[in-house]
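Student:
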Amino acid sequence: MEQKIRVLVAKPGLDGHDRGAKIVARALRDAGMEVIYTGLHQTAEMIVEAAIQEDVDVVGLSLLSGAHMTLFVDVAHLLKKKGMNDVLLLGGGIIPEEDIPKLHKEGIAGVFGPGTPCDEIVSFIKKNVKK
Amino acid sequence: MSELLHKKVLQGDPRSIARLITLTENNHPDAASAMKQIHPHTGNAHVIGITGVMGSGKSTLICELTAAFRKQGKTVGIIAIDPTSPFSGGALLGDRVRMMQLAMDEGVFIRSMGTRGMLGGLTSAVYDVVEILDAAGKDIVFVETVGVGQAEVDVIKIADTTLVIIVPGLGDSIQTLKAGVMEIADIYVVNKADRTGVEQTMAEVESLVDITCSEKDRKTPILQTVAKQGTGTEELIQEILDHKQYLKKTQTLESQRRLRYEAELVEIIRKKLMNFIFDEQTFKDTIETLLDQISKKELDPHSAAEKILKRIIK
Chain C
1 MEQKIRVLVA KPGLDGHDRG AKIVARALRD AGMEVIYTGL HQTAEMIVEA AIQEDVDVVG
61 LSLLSGAHMT LFVDVAHLLK KKGMNDVLLL GGGIIPEEDI PKLHKEGIAG VFGPGTPCDE
121 IVSFIKKNVK K
Chain X
1001 MSELLHKKVL QGDPRSIARL ITLTENNHPD AASAMKQIHP HTGNAHVIGI TGVMGSGKST
1061 LICELTAAFR KQGKTVGIIA IDPTSPFSGG ALLGDRVRMM QLAMDEGVFI RSMGTRGMLG
1121 GLTSAVYDVV EILDAAGKDI VFVETVGVGQ AEVDVIKIAD TTLVIIVPGL GDSIQTLKAG
1181 VMEIADIYVV NKADRTGVEQ TMAEVESLVD ITCSEKDRKT PILQTVAKQG TGTEELIQEI
1241 LDHKQYLKKT QTLESQRRLR YEAELVEIIR KKLMNFIFDE QTFKDTIETL LDQISKKELD
1301 PHSAAEKILK RIIK
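Same order as they appear, the protein sequences are chains C and X. Under the numbering used here, the first residue of the first sequence carries the number 1, and numbering increases by one thereafter. Under the numbering used here, the first residue of the second sequence carries the number 1001, and numbering increases by one thereafter.
#1: Could I get the ranges of all uninterrupted beta strand (DSSP E) runs contained in the stretch 34 to 58 of chain C, with 3 residues as the minimum, in chain order?
#2: Determine the chain C residues that contact X/K1112 at a beta-carbon separation under 7 angstroms, and present them in chain order.
#3: State yes or no: is the C-beta of X/I1050 within less than 7 angstroms of the C-beta of X/E1144?
#4: Would C/I52 and X/R1015 qualify as a contact pair, given that the criterion is a beta-carbon distance under 7 angstroms?
#5: What in chain X is Cβ-close to C/R29, meaning under 8 angstroms?
#6: Could you pull the start and end residues of the beta strand (DSSP E) that X/Q1224 belongs to?
#7: Is the stretch 1257 to 1274 of chain X in contact with the stretch 1287 to 1301 of chain X, if contact means three or more CB pairs nearer than 8 angstroms?
#8: With a floor of 4 residues, list each alpha helix (DSSP H) that falls wholly inside the stretch 1005 to 1092 of chain X, ordered by position along the chain.
#9: If you drop the 5 nearest sequence neighbours on each side, which residues of the same chain put their C-beta closer than 8 angstroms to that of C/K80?
#10: Which residues in chain C sit within 7 angstroms of X/F1109, going by Cβ to Cβ distance?
#11: Mapping DSSP to helix, strand and coil, what is C/M84?
#12: Residues of the stretch 1002 to 1015 of chain X with a CB closer than 8 angstroms to any CB of chain C: list them in chain order, please.
#13: In chain order, which alpha helix (DSSP H) runs of at least 4 residues are fully inside the stretch 1130 to 1172 of chain X?
#14: Cβ of X/V1266 less than 7 angstroms from any chain C Cβ?
#15: Output yes or no for whether 7 angstroms exceeds the beta carbon distance between C/E49 and C/I36.
#16: Which class does X/T1231 belong to by DSSP, given the choice of helix, strand or coil?
#17: For C/P12, list the residues DSSP reports as bridge partners.
#18: Starting from X/V1189, trace the beta strand (DSSP E) both ways and give me its first and last residue.
#19: Does X/R1218 get closer than 7 angstroms to chain C when you measure Cβ to Cβ?
#20: Going along chain X, which residues have a C-beta under 8 angstroms from C/R26?
#21: Check this for me: beta carbons of X/H1041 and X/L1065, under 7 angstroms apart or not?
#22: Let me check understanding here. Comparing Cα to Cα, which of X/K1036, X/T1162, X/L1061 and X/K1284 lies closest to X/M1182?
#23: Give the residues of chain B in contact with X/A1159, contact being defined as C-beta atoms less than 8 angstroms apart.
#24: Could you please tell me which residues of the stretch 1053 to 1068 of chain X, in chain order, have their CB closer than 8 angstroms to any CB of chain C?
#25: Rounded to a whole number of angstroms, what is the C-alpha to C-alpha distance between X/I1081 and X/I1048?
#26: Would you please verify whether the beta carbon of X/A1103 is less than 7 angstroms from any beta carbon of chain C?
#27: Is it buried or exposed, X/R1270, if we count other Cβ atoms within 10 angstroms and call 16 or more buried?
#28: Rounded to a whole number of angstroms, what is the C-alpha to C-alpha distance between X/I1132 and X/E1204?
#29: Near X/V1164, what residues of its chain come up, given a Cβ to Cβ distance below 8 angstroms and the 5 sequence neighbours on each side ignored?
#30: Which whole-angstrom value is the C-beta distance of C/G110 and C/L90, which I expect to be below 8 angstroms?
#31: Name, in chain order, the residues that DSSP records as bridge partners for X/R1270.
#32: With 16 as the cutoff for other CB atoms within 10 Å, does X/A1218 come out buried or exposed?
Below, the structure is given as structure tokens:
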């Protein structure tokens, strides 16, 4: 029996900058994970629906527009509502320090700002993923 | 747990479908017992294989076809396969990007899969996943292969109808005459038909069909589409439905399905044997020893293989 960590990488909301998301996606791929990339302009509903169908272990959200307190939290709530309690939810992008504890509280387990080494994200996932 | 799981799959519950697919992909022991319950409920879906070179528009075309089938009230399952890295074992599965407009449609289930070491354009668990989506009540199941080169032809073993997607400007007429992918089409689709060179591509595929289909009663149709604009989708849908009728009329659907089961059976046995040989610790030690001997030229690979097989057969 072989298990692979499956990760959904998504860009919620209206910001169109996906270079960071693609770099993280590539790093996770190189760490042996199966990464499902959904593209830009996703609603919380689209992201959670894809997470269900793809049966992912991890959802990674990337946002640079500043709307993370709304959109990340929406995804967290919707995942819970749909019973996806085992999914490890991560967020990245331009996130002010003071928002991080609030995001943790809402269920975004890991928050990664600019300059985070990709290895750090990989080891965070490997350590915290529920298998 | 698995007792409940297969029942929920048969009811079409998305989370259960997704879970069972994961179990089969991971060769989980619970998968086989669930699949046993699933099998009697299969055989209703029309399985459509889509293959073609990378960037030919397979995902975009599937998105268009799915939207059209949905308008007819049909439910759709999509299996989108992308390559697994031979180095890391990871994969970047990006076919969903082209199918965003289907994301919120409850009548559509999309699953992205990595090849996980298979070379024929498919992935080992794909047979199970087709059965799962079929049993879950999907009327149409699309199987999108990885972007293929010339020889990845396994899709014909699983599909009732195989579409080969070509785009203008990929080479001269000798390319269309080569064996492999260009032989397997039930329908040829020349996508991106608004590009220059489409007349030449059409002429080449037409002459290929003239050469290969002269004795047969069904001439492989060639259609032009511009998937991004939805051009040609309706005509293509009609050809796909006509092909299903043709399979029924000529009673070839049954024999084609039999080929699928044969391919699946062989694949299950192959997987189990490989696991048996390469995952058991005792065999691992043996193989290490044999590899040492081969490297030192004390033994050749053929004789080493014989030694291993003799141990299994006894």
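Think of the CB as a built atom: it goes at the ideal place given N, C-alpha and C, for glycine as much as any other residue.
Tutor: Working from what's here:
#1: Counting whole runs of 3 or more residues, the stretch 34 to 58 of chain C contains the beta strand (DSSP E) stretches 34 to 37.
#2: A small fix is needed here, since residue 1112 of chain X is Ser in this sequence, not Lys. I36 and E54, listed in chain order.
#3: Taking a C-beta distance under 7 angstroms as the contact criterion, X/I1050 and X/E1144 qualify as a contact pair.
#4: Cβ atoms of C/I52 and X/R1015: closer than 7 angstroms.
#5: Here the neighbours are S1085, S1088, G1090, A1091 and L1092.
#6: Counting along the chain, the beta strand (DSSP E) containing X/Q1224 begins and ends at I1222 to Q1224.
#7: Under the Cβ criterion (8 angstroms, minimum of three pairs), the stretch 1257 to 1274 of chain X does not count as touching the stretch 1287 to 1301 of chain X.
#8: Entirely contained in the stretch 1005 to 1092 of chain X, the alpha helix (DSSP H) runs reaching 4 residues are, in chain order, 1014 to 1025, 1029 to 1038 and 1058 to 1071.
#9: G107.
#10: By Cβ distance, chain C contributes Q53.
#11: Per DSSP, reduced to three states, the secondary structure at C/M84 is coil, with no helix or strand assignment.
#12: Cβ contacts with chain C come from P1014 and R1015.
#13: Within the stretch 1130 to 1172 of chain X, the runs of alpha helix (DSSP H) at least 4 residues long that lie entirely inside it are, in chain order, 1155 to 1158.
#14: It does not: the Cβ of X/V1266 has no partner Cβ on chain C nearer than 7 angstroms.
#15: No, they are not a contact pair.
#16: Three-state DSSP puts X/T1231 in a strand.
#17: Under DSSP, C/P12 shares a beta bridge with C/Q42.
#18: First-last of the beta strand (DSSP E) with X/V1189: I1187 to V1190.
#19: No, because no Cβ of chain C sits closer than 7 angstroms to the Cβ of X/R1218.
#20: The contacting residues are L1092.
#21: Not a contact, by the Cβ cut-off of 7 angstroms.
#22: Out of X/K1036, X/T1162, X/L1061 and X/K1284, X/T1162 has the C-alpha closest to the C-alpha of X/M1182.
#23: Going by chain labels, chain B is absent from the structure shown, which instead holds the protein chains C and X.
#24: Only those residues of the stretch 1053 to 1068 of chain X whose C-beta falls short of 8 angstroms from the nearest C-beta of chain C would be listed, and there are none.
#25: When the Cα atoms are used, X/I1081 and X/I1048 turn out to be separated by approximately 14 angstroms.
#26: So, interface residue.
#27: With fewer than 16 other Cβ atoms within 10 Å, it is exposed.
#28: It is roughly 39 angstroms from the alpha-carbon of X/I1132 to the alpha-carbon of X/E1204.
#29: Annotation for X/V1164: T1051, G1052, V1181, M1182, I1184, A1185, I1187, Y1188 and V1189 place their beta carbon closer than 8 angstroms to its own, counting only its chain and skipping 5 residues before and after.
#30: At roughly 4 angstroms, the Cβ-Cβ gap stays under 8 angstroms, so C/G110 and C/L90 are in contact.
#31: None, per the DSSP bridge assignment.
#32: The residue you asked about is not Ala; residue 1218 of chain X is Arg in the sequence shown. By the beta-carbon neighbour count (other beta carbons within 10 angstroms, threshold 16), X/R1218 is exposed.
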